[in-house]
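Taking it in order: structure first as structure tokens, then the write-up.
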Amino acid sequence: MRRRPGIGGLQNAAAARNDIRKNPAFRSQFHEMCANVGVDPLASNKGVQIVDICLATRPINGGIISLEELCKLLGQKRKGAREAVSQDDCLRAISKLKVLGNGFEVISLGKKKLVRSVPTELNKDHNEILELAQGQGFVTVDEVQRRLSWSSGRATDALETLLEEGLAMIDDGHKDNRRRYWFPCISSVSSYTGIDTS
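Numbering-wise (our numbering), the sequence shown opens with residue 4 and increments by one.
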């Protein structure tokens with residue numbers, strides 16, 4: 004089983020992503036990609052900034068961030084702008100990013116909207132686990148079995164897939180010896196250190 008990196012590893016990965024993001028070569032490649040599909044990146048500065056935020060937060064959330072959190076981070080990035088950033092603004096910018104290929108789309112999870120910036124396909128089982136985890140930010144295999152009436156194998160398989168895709172982190176440090184699968188994609192990432200979205 005592949006283990007996810009600890010907080011130190013996540014901070015290092017975030018720093019590396021930020022270095023790449025600020026690299027002129029990355030910007031050049033992004034602009035070239037936009038030109039190839041007929042999108043003017045300067046016409047949608049919010050789109051470029053959304054890509055920046057998604058890249059900066061990917062080491063923490065696996066490439067899925069809540070629309071609410073994305074708008075909050077975009078608002079912080081655009082503090083000099085006269086207008087506030089609404090969820091509709093973000094949704095319009097994301098719809099323009101879809102032409103860049105797989106990865107940029109909005110998925111609904113109950114009443115919550117998540118923005119996916121990687122080509123990870125979530126099936127019904129994965130969505131049900133993410134919806135279940137919204138209350139506390141994590142689930143255990145026992146909880147998934149009990150609340151969703153699943154077998155141990157089905158619960159473990161779905162959770163391990165989410166772990167391998169980078170959407171979950173494991174926490175084995177509890178007295179009850181129950182492994183917790185945490186989902187940063189459904190909680191706020193702005194409180195994490197080492198994330199620079201400016």
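We put the CB at the ideal spot given by N, CA and C, even for glycine.
*Would you call V102 buried or exposed, if buried means 16 or more other Cβ atoms sit within 10 Å of its Cβ?*
exposed
*Using only alpha-carbon positions, find the residue among N130, Q52 and G65 that is nearest to C93.*
Out of N130, Q52 and G65, Q52 has the C-alpha closest to the C-alpha of C93.
*Residues near A136 in its chain [Cβ-Cβ closer than 7 Å; skip 5 each side]*: V142, F186 and I189
_Nearest by alpha-carbon distance to N88: which of C74, G138, S98 and R95 is it?_
The sequence as given places Val at residue 88; Asn does not occur at that position. Of the listed residues, the one whose Cα sits closest to V88 is C74.
*Neighbourhood of L125 by C-beta, 6 Å cutoff - its chain only, sequence neighbours within 5 removed*: Closer than 6 Å at Cβ, skipping near neighbours: no residue.
*Rounded separation between T164 and K80 - CA only*: Rounded to whole angstroms, the gap between the alpha carbons of T164 and K80 is 33 Å.
_Distance, D175 Cα to K99 Cα_ = Answer to the nearest angstrom: the Cα atoms are 41 Å apart.
_G156 and E134 closer than 8 Å at C-beta_ = no
*Shortest alpha-carbon distance to T60 belongs to which of G50, K116 and L76?*
L76
_Buried or exposed by the 16-neighbour rule on C-beta atoms within 10 Å, applied to H129_ = buried
*asked:* Could you pull the DSSP bridge partners for V142 from this structure?
replied: Partner(s): Y184.
*Residue nearest to P122 in terms of C-alpha spacing, selected from A161, E72 and G65*: G65
*Minimum C-alpha distance to M172 - residue among C57, V147, W153 and G140*: G140
*Measuring CB to CB, does E108 end up less than 8 Å from R119?*
yes
*Roughly how many whole angstroms lie between the Cα atoms of R181 and V54?*
36 Å
*Helix, strand or coil for L76, going by three-state DSSP, please let me know.*
If DSSP states are grouped into helix, strand and coil, L76 belongs with the helices.
*Taking just the CA atoms, how far does K116 sit from A158?*
23 Å
*Among residues of its own chain, excluding the 5 on either side of A46, which ones have a beta-carbon nearer than 8 Å to its beta-carbon?*
Unreliable positioning characterises A46 in this predicted model, as indicated by a pLDDT of 48, which lies under 50. The coordinate reading is nonetheless provided below. Hits under 8 Å: none found.
*asked:* Tell me the DSSP secondary structure of L58 in three-state form.
replied: helix
_Suppose you measure from the CA of Q90 to the CA of L70; what does that come to, to the nearest Å?_
7 Å
*Hey, how far is the Cα of R24 from the Cα of L58?*
Since pLDDT at R24 reaches only 48, below the 50 mark, its modelled position is unreliable, and the value read off the structure follows with that caveat. The straight-line gap from Cα to Cα measures roughly 7 Å.
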